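The sequence shown runs -23 to -1, 1 to 1101 under mature numbering (1 follows the signal peptide of the UniProt record, and there is no 0). All residues carry an ideal CB built from backbone N, CA and C; glycine is no exception. Owing to the predicted nature of the structure, the values given are computational and were not obtained by experimental measurement. Report on the structure given below.
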Amino acid sequence: MDFQSCLAFPVAVLLCYALQTSAAQHPASHNCTSSGQRISFSHSYKIALPASSQLKVEADPLQHEDNSGVQLDPGEAEENEEQNIIFRHNIHVHALKEGCETLPHIKGLFERMEKLEKEVAELRQVCSPQKCCGGSQGVSHCSGHGTFLDETCSCKCAEGWEGSDCSHPTCPSHCSGHGRCDGGKCICDEPHFGEDCSQQLCPENCSGNGICDTAKGVCQCHEEFIGEDCSEKRCPGDCRGNGFCDTGECYCHDGFFGLDCSQVLAPQNLELLNSTENSLAVSWDLAIDVDNYLINYYPVGYQMLAKEVHVPKEQLSYEIVGLHPGTTYNVTLRYVMEGIASEPKYLEASTVLSALNAIWVMEEMEHSLEVEWENPPTDVDYYKLKFRSLMEVDEKQVMVPKSNDPKSRHIMTGLKPGTEYEVTVIPVKDDTEGEPSSVSGRTGIDSPTNVATDRVTEDTATVSWNKVEAPIDRYMVTYASADGDTKEIEVGSENDVITLLDLKPGMEYVIHIWAEKGPQRSKKASTRAVTEIDSPTELLTDQVTEDAITVSWKKVQASIDRYRVSYTSANGDTEEREVEKDKNVTTLAGLKPGTEYVIYICAEKGEQKSKRASTEAVTEIDSPAHLVTDQVTEDTATISWDRVQALIDRYMVNYTSVDGDTEEMEVEKNETTMTLTGLKPGIEYAIFLWAEKGNQQSKKISTEAVTEVDSPKNLVTDRVTEDSATISWDSVQAPIDRYMVSYASADGDTKDIEVGKDRNITILTGLKPGMKFTIHLWAELGSKQSKRASTDMLTEIDPPKNLRVSDVTHSTGMVTWTPPAAQIDGYTLTYQGQDGTSKEVQLGASEQRFVLEGLEQGVRYTIFVMAYEGDRQSRKTDATFSTVGFLYPYPADCSQAQQNGNVSSGVYTIYLNGEGSRPMQVYCDMTTDGGGWTVFQRRSTGEVDFYKRWKNYVEGFGDPTGEFWLGLDKLHNLTSSSPIRYELRVDLRTASESVYAVYDFFQVASSRDRYKLLVGNYRGNAGDAMTYHNGWKFTTWDRDNDVALSNCALTHHGAWWYKNCHLANLNGKYGESKHSEGVNWEPWKGHEFSIPFTEMKIRPQSSSNEPILGRKKRSLPGKRKKIR
């Protein structure tokens, strides 16, 4: 049995066993098991395969255990360089009840197990090494360098040899895994060396600064060097772990310094924050990564009393307490980092001295203060006394020795009066200041000086003085008359003068003055004054005539001897007389008429005279005469009169209307006439005239006048229509009976109407449209008429009438109207669709109809017609109508556009899938073979270059009315996005011939399919050239989708649904006769004739044999105008 047979046999046995075991597992008719007990059979068979068999057997990855815990090792297959096939089966049978052994299926199971064991035993006998090896493998002699082992069918090589036949010499230790063996000699990999490559070079041979351990390839550096290759110098103390080493030099971490980083940086900015009698507060800068801060302090000179305190690292200040007052201390601070204390930072500070117990003011004088205080319990050298005014910044300072008494005192001189001072006393010991103690004191107020009286009158006296230096609240003044009356008044602190009022004339007074600040008073200063005699008062003149004046006055209070009266005329004449002291009235006679007199009066006592009192008086003057009025108008009247004889300053005119309005004005003294203006029309006035000299008036004379009626003002027209107009005006001021209106048209018609006197508006009716009218307006009172007010106006143009729309089609309509009565220049016609867009047409005056064209089908339109003359316009006349609806509101192709009544070939708007939101401009052929064709390609002149890129053919190019290509994307949307099936027609023409080809199906696939072409059955007379291209994708020179070895678009100078390559090349080079490069249709003209005219078009298949009869447009009468 060969080896393959040996392998196949156990596999078949196992497969058969598995099938039989599976088949035997059917339900038993009896319960043959006892609970909790079972019988287990576990068999393992190992068949050893020689290594030379070239069969790889993987070790069993599973570990099987029977219930006895015996485990079969999957690694057995690798022992003794042999491979083993191991068959295992575990059969677990529950313990059988008595009598179950005879059941057929149990009995059959035992028989199959026995048979399997026999077959496996035979398998092991057949596949023994002796039989499998056969001794004929050519390795039994082992090349003379080993022994052949029958049980394994392999050689066991002598030392120094290897290989299946021991023919290859080995290298020592197999080069230790660090090299390759070549003829028994190791070729070592770097950095290994040695006979067996077991040794290793050190980096840089330890740089000469160490010994290389070749077993490991590691340098053992000398003491002063470190690094993988001993090239780095060792740093002092290895930087103590507080830094890093670089070429023998330490770079210390923050906070450390020194050659070996063993020192800690000293603290920074140790400062005294505060000092009290028994404490010192200090602060310092933050340090990074410190453990804590160490503070040491002791009194200067007493280091043995030093104390120490540790402060947490989060704290940057500390208050040292329990200290003695007035004592100097030495304070040091150290940082502690990793147990190392830094250099100290020193601070010398003193506690303050004990404060004074009390301080008070003993005496307050105008320019000095005396203070006293108790000496403190602690010893002091002297006191520093500072004092300053609370109103000033500058401070004075004196040194006061300590008194041997329990109290010390000091007098401060040269102070400002009435000023509050702050006095501060500071104890000093060894140049150290203690806590200050303060007290406030105020100096006394100084007295006013140089008190004097001046400007003494009959009832007043002015008192002045020099101000005090002290800040005060007020001055106080008292004055007492010789007869015992006393008064007191308060004067503001900013004043240094006062006038005493209501004094008795001719009386002596004693005056006292002093200053006050709160309850404080200065000493009094005094003076004396005597008042003058008072003057007569209330001097009056009355009973003035042309030659006499009576004068009266109020008697004086002082005791006098007489009164003296003097009077002087304007021309300088003066007279004087005495009046007894008990009288207060006298009459001056013999005066000149119309003359101004100045009258003086004074009281006398011995040689003393009072001030003079004075007054003025003017004797009366004569009145004007012969006052008359003339030249009276609506608002003016002229008056005249005879002059007066007396000397005067002016004339005065007063005029009053019957309704009570009064005006007064002045007229020059030399005038005898005057015009009164601003009078009310139609009103009676009373006019008065008199003469004046100063305040003197003559008697009044008077007359009367009546003003004319005024005319209406601001005559305006508004709300002017075609046959009416509203006029309005400002009412006249005069009382009237009525208004009269007269209006005349340009053609000579005149009408007069009367309007009530209380109205200022009226409507003129029955006017002619578009006509100019002149309007006159005036007021009447009895037989009197005012002046006329006038204005012109134009009536509005009347609108066209009887506006009608008739003969309406899907795109046209006839508009007619009746002309207006007014003379016009023309019409403006506007029509507007439902979307709000409008169009306007200008028409001549003689036209009465217009044809609307280019309307949209099935749309409601509003029409407005308006007449105009120059820049004037009539009202609009309007009408509405709707155009006839289309069969297809949004035609999906030219066939549906044709069914909507379009019979002319040209550019139309179609809508993809009949959706109004997807419009597209196409050229429609409405004549060929019944029409309804959508044209997508035309060649006719060669003006358009069709050798274009893929992008151009996808989007389309050219002019639909000339040469163009509609676009592959549009062709796909037309032929593939709706259920309509399209046919294709190709028209080809030369100068003398024309042919066509029709295909009953045409479709262009999507861009994903590279716009693949699908065409149906052919008919026509041009020959079938498109079937060859059926099912092929579109190709351009920059997108190759054909099956030819080269790009057909490049070689044939076009773009098409090339296969390999073409029978039709209608997008080829125009006019090119080179083979296959021109506009070709091979079945008709071959590959060397370029066809001058081509046109490709599509329409629905249903239209193929049933040509659509286009509807002719009805010709509408009426003149057509270009729409703007």
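If you reduce the DSSP assignment to three classes, tell me which class residue i lands in.
| i | result |
| --- | --- |
| residue 941 | strand |
| residue 223 | strand |
| residue 182 | helix |
| residue 1005 | helix |
| residue 1027 | helix |
| residue 953 | helix |
| residue 216 | helix |
| residue 345 | strand |
| residue 209 | strand |
| residue 907 | helix |
| residue 984 | helix |
| residue 203 | strand |
| residue 289 | strand |
| residue 722 | strand |
I'd like the span of the alpha helix (DSSP H) that includes residue i, first residue to last.
| i | result |
| --- | --- |
| residue 691 | Per DSSP, residue 691 belongs to no alpha helix (DSSP H); it is in the beta strand (DSSP E), 690 to 695. |
| residue 668 | Taken as a continuous stretch (DSSP letters only), residue 668 belongs to no alpha helix (DSSP H), being part of the beta strand (DSSP E) at 661 to 670. |
| residue 929 | 927 to 932 |
| residue 1038 | Counting along the chain, residue 1038 falls outside any alpha helix (DSSP H), and DSSP gives it neither H nor E. |
| residue 1062 | 1059 to 1062 |
Who pairs with residue i in a beta bridge, going by DSSP?
| i | result |
| --- | --- |
| residue 361 | 376, 403 |
| residue 145 | 139 |
| residue 336 | 350 |
| residue 385 | 350 |
| residue 418 | 398 |
| residue 307 | 275, 325 |
| residue 131 | 126 |
| residue 257 | 252, 297 |
| residue 1117 | No answer is possible for residue 1117: the residues shown for the chain start at -23 and end at 1101. |
| residue 1021 | Answer by DSSP bridge pairing: none, since residue 1021 is not bridged. |
| residue 579 | 541 |
| residue 1112 | Past the boundaries of the shown model lies residue 1112; the chain is included only from -23 to 1101, so the question cannot be answered. |
Hey, quick one: how far does the beta strand (DSSP E) through residue i stretch, first residue to last?
| i | result |
| --- | --- |
| residue 442 | 438 to 443 |
| residue 516 | 514 to 519 |
| residue 766 | 766 to 771 |
| residue 120 | Per DSSP, residue 120 belongs to no beta strand (DSSP E) and is neither H nor E. |
| residue 740 | 738 to 741 |
| residue 969 | Residue 969 -> no beta strand (DSSP E), and no H or E assigned at all. |
Can you tell me the Cα-Cα spacing of residue i and residue j, whole angstroms?
| i | j | result |
| --- | --- | --- |
| residue 832 | residue 885 | 14 angstroms |
| residue 873 | residue 865 | 6 angstroms |
| residue 1037 | residue 968 | 31 angstroms |
| residue 369 | residue 396 | 11 angstroms |
| residue 215 | residue 228 | 11 angstroms |
| residue 481 | residue 435 | 7 angstroms |
| residue 793 | residue 803 | 14 angstroms |
| residue 219 | residue 297 | 32 angstroms |
| residue 566 | residue 526 | 7 angstroms |
| residue 786 | residue 861 | 5 angstroms |
| residue 564 | residue 627 | 29 angstroms |
| residue 493 | residue 451 | 6 angstroms |
| residue 713 | residue 763 | 10 angstroms |
| residue 466 | residue 513 | 29 angstroms |
| residue 775 | residue 705 | 23 angstroms |
| residue 378 | residue 354 | 16 angstroms |
| residue 540 | residue 455 | 34 angstroms |
| residue 300 | residue 285 | 14 angstroms |
| residue 685 | residue 676 | 30 angstroms |
Completely contained alpha helix (DSSP H) runs for the region 871 to 904, where each covers 4 or more residues
871 to 876
Pick out the complete beta strand (DSSP E) segments inside the region 449 to 491, 3 residues or longer, and give them in chain order.
Note on the region 449 to 491: whole beta strand (DSSP E) runs with a minimum of 3 residues are 451 to 458, 463 to 469, 474 to 477, in chain order.
Which whole runs of the beta strand (DSSP E) in the region 788 to 863 are 3 residues long or more, in chain order?
Here the runs fully enclosed are 790 to 795, 803 to 809, 815 to 821, 826 to 829, 837 to 846, 854 to 859.
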